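Participant: Going by my numbering, the first residue of the sequence shown is number 42, and it counts up by one from there. A virtual CB, placed ideally from N, CA and C, is assigned to each residue, including glycine. On a predicted model such as this, the values are computed, not experimentally measured, just so you know. One structure, pasted below without further comment.
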Amino acid sequence: MIKGSFPLKAFKALETPFYYYDIDLLKRTLETVKAESGKYGYHVHFAIKANANPHILSVIAGYGLGADCVSGGEIRAALDAGFPADKIVFAGVGKADWEINLGLDNDIFCFNAESSAELDILDELAAAKGKIASVALRINPDVDAHTHAKITTGLKENKFGINLSMLDGVLEQLTKLKHLKLIGIHSHIGSQITDMSAFRALAVRMNEVQEKLDTRGLHVEHINFGGGLGIDYHHPNHIPVPAFADYFAAFRQLLKLRPGQQVHFEPGRSLVAQCGSLISKVLYVKEGEVKKFVILDAGFTELIRPAMYDAYHYIENLDSDGQTETYDVVGPICESADVFGKDVELNKTRRGDLLAFRSAGAYGEVMASQYNRRRLPKAYYSDENGFEA
Ligand code: LLP
Numbered sequence: 042m043i044k045g046s047f048p049l050k051a052f053k054a055l056e057t058p059f060y061y062y063d064i065d066l067l068k069r070t071l072e073t074v075k076a077e078s079g080k081y082g083y084h085v086h087f088a089i090k091a092n093a094n095p096h097i098l099s100v101i102a103g104y105g106l107g108a109d110c111v112s113g114g115e116i117r118a119a120l121d122a123g124f125p126a127d128k129i130v131f132a133g134v135g136k137a138d139w140e141i142n143l144g145l146d147n148d149i150f151c152f153n154a155e156s157s158a159e160l161d162i163l164d165e166l167a168a169a170k171g172k173i174a175s176v177a178l179r180i181n182p183d184v185d186a187h188t189h190a191k192i193t194t195g196l197k198e199n200k201f202g203i204n205l206s207m208l209d210g211v212l213e214q215l216t217k218l219k220h221l222k223l224i225g226i227h228s229h230i231g232s233q234i235t236d237m238s239a240f241r242a243l244a245v246r247m248n249e250v251q252e253k254l255d256t257r258g259l260h261v262e263h264i265n266f267g268g269g270l271g272i273d274y275h276h277p278n279h280i281p282v283p284a285f286a287d288y289f290a291a292f293r294q295l296l297k298l299r300p301g302q303q304v305h306f307e308p309g310r311s312l313v314a315q316c317g318s319l320i321s322k323v324l325y326v327k328e329g330e331v332k333k334f335v336i337l338d339a340g341f342t343e344l345i346r347p348a349m350y351d352a353y354h355y356i357e358n359l360d361s362d363g364q365t366e367t368y369d370v371v372g373p374i375c376e377s378a379d380v381f382g383k384d385v386e387l388n389k390t391r392r393g394d395l396l397a398f399r400s401a402g403a404y405g406e407v408m409a410s411q412y413n414r415r416r417l418p419k420a421y422y423s424d425e426n427g428f429e430a
């Protein structure tokens with residue numbers, strides 16, 4: 042088995058479970074996304090929902106990216122980390138009044154509006170402040186992302202976005218809302234998408250939306266394609282940096298831009314997943330009648346993706362080079378869903394061994410909970426003293 046390189050000696054002194062971030066890999070990933078998007082002048086806003094760890098955010102902000110937020114808490118986290126307000130976009134189907142006001146007070150770049158009901162409130166709150174809010178309409182493009190049902194969003198009759206069939210009505214409504222300025226169209230079709238044809242279909246669909254706008258004589262300056270680029274969970278060592286070149290090229294090839302139009306993206310997972318690992322200690326190896334169970338001190342409270350989406354994470358035993366054996370790897374939470382993997386091949390595993398869950402930098406630490414009255418996991422970084430691998 043190919044293993045990642047970890048500062049095992051330093052790990053031994055730490056209380057488990059914890060997250061460990063490879064900051065060099067994060068920086069390499071950010072350099073790649075900057076270079077590939079920069080070829081076409083595309084703008085990149087990091088989707089903070091994937092990882093809101095302040096150190097990670099400040100590294101990303103340092104590369105000049107914008108931020109994609111879905112709550113007032115995320116807007117605050119973005120501002121605290123140094124993302125400029127004029128590069129913050131704010132999406133979400135349920136923006137509370139205080140969250141909208143926070144966006145207005147900070148003059149964020151754009152509200153990605155998801156419904157006609159939201160537009161009315163946005164207009165009312167902007168009017169109360171004597172401001173004009175910039176909005177992009179989140180269009181539901183009815184494109185199948187071919188991904189897990191719980192993380193697909195672009196299909197018809199979804200809670201997200203405005204259906205194409207209702208666009209005319211919303212455009213009509215906008216002519217009456219004097220405190221809103223329509224600056225863009227937005228879409229997001231789902232997450233962990235590895236099939237570029239889904240993105241190609243999205244680009245074509247947005248061309249159609251633009252044609253619709255043309256017929257009404259409307260010109261928008263910004264087109265935002267959301268996030269969604271997937272990563273290789275099975276080969277974190279071979280393919281640590283996702284295929285950003287193919288991703289941006291897919292849009293470049295098909296998009297028909299009007300003069301002066303700016304293109305935006307909101308990647309989350311693809312920027313941070315591979316740089317993070319969850320490190321956990323083996324509490325017990327339980328021999329069942331047929332199976333062997335590795336019982337860890339981490340559970341779905343630290344990494345919920347396997348329990349919630351049946352997601353696969355590559356697991357490796359950092360302490361053992363022994364022959365591989367087959368185990369069910371489980372956590373300590375009092376729920377039968379607290380299983381990380383069944384029939385997992387691991388080097389022979391004993392109590393006290395450290396296991397790494399790879400590709401956990403996105404939707405890992407940020408989704409941790411305190412269920413069973415557990416402590417939230419700590420995080421460590423490769424650029425701290427003492428973590429030289
Ligand atoms: N923009 C919008 C409007 C979104 O809803 C999302 C993710 C993104 C951008 C970023 O997408 P990404 O590039 O990360 O695919 N917790 C799930 C993923 C939920 C994604 C929600 N929306 C998971 O662990 O797989």
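For the ligand LLP, is there a heavy atom less than 8 Å away from the beta-carbon of P308?
Facilitator: It does: the Cβ of P308 is within 8 Å (strictly closer) of some heavy atom of the ligand LLP.
Participant: Under the rule that 16 or more other beta-carbon atoms within 10 Å means buried, what is C110, buried or exposed?
Facilitator: So C110 counts as buried.
Participant: In angstroms with no decimal places, state the Cα-to-Cα distance between I129 and G317.
Facilitator: Looking at the two C-alpha atoms, the distance is approximately 24 Å.
Participant: Per DSSP, which one or two residues make a beta bridge with Y422?
Facilitator: Paired residues: Y62.
Participant: To the nearest angstrom, how far is the alpha carbon of H84 from that of L106?
Facilitator: If I take the Cα positions, the gap works out to 8 Å.
Participant: Would you say Q233 touches the ligand LLP, meaning its beta carbon is less than 8 Å from a heavy atom?
Facilitator: It does: the Cβ of Q233 is within 8 Å (strictly closer) of some heavy atom of the ligand LLP.
Participant: Tell me whether K90 counts as near the ligand LLP, meaning its Cβ is closer than 8 Å to at least one heavy atom of that ligand.
Facilitator: Result yes, Cβ under 8 Å from the ligand LLP.
Participant: For the alpha helix (DSSP H) holding G271, just list the boundary residues, first then last.
Facilitator: Where G271 is concerned, there is no enclosing alpha helix (DSSP H), given that its DSSP letter is neither H nor E.
Participant: CB V371 to CB D384, shorter than 9 Å?
Facilitator: Not in contact: V371 and D384 (Cβ atoms no closer than 9 Å).
Participant: Between A54 and E115, what straight-line distance do the alpha-carbon atoms span, to the nearest angstrom?
Facilitator: Approximately 33 Å between the Cα atoms of the pair.
Participant: Whole-angstrom Cβ separation of A403 and I320, contact assumed at under 8 Å?
Facilitator: That belief does not hold up - the Cβ atoms of A403 and I320 are roughly 17 Å apart, past 8 Å.
Participant: For T367, count neighbouring Cβ atoms within 10 angstroms of its own Cβ and tell me buried if that reaches 16, exposed if not.
Facilitator: That one is exposed.
Participant: Residue range of the beta strand (DSSP E) that I336 falls in?
Facilitator: 333 to 337 is the span of the beta strand (DSSP E), which, as asked, contains I336.
Participant: Taking DSSP as the reference, what is the three-state secondary structure of H31?
Facilitator: The structure shown does not extend to residue 31, since the chain is modelled only from 42 to 430, so the question has no answer here.
Participant: Measuring alpha carbon to alpha carbon, tell me which residue in I224, G210, H187, K327 is nearest G269.
Facilitator: It is H187 whose Cα lies nearest to the Cα of G269.
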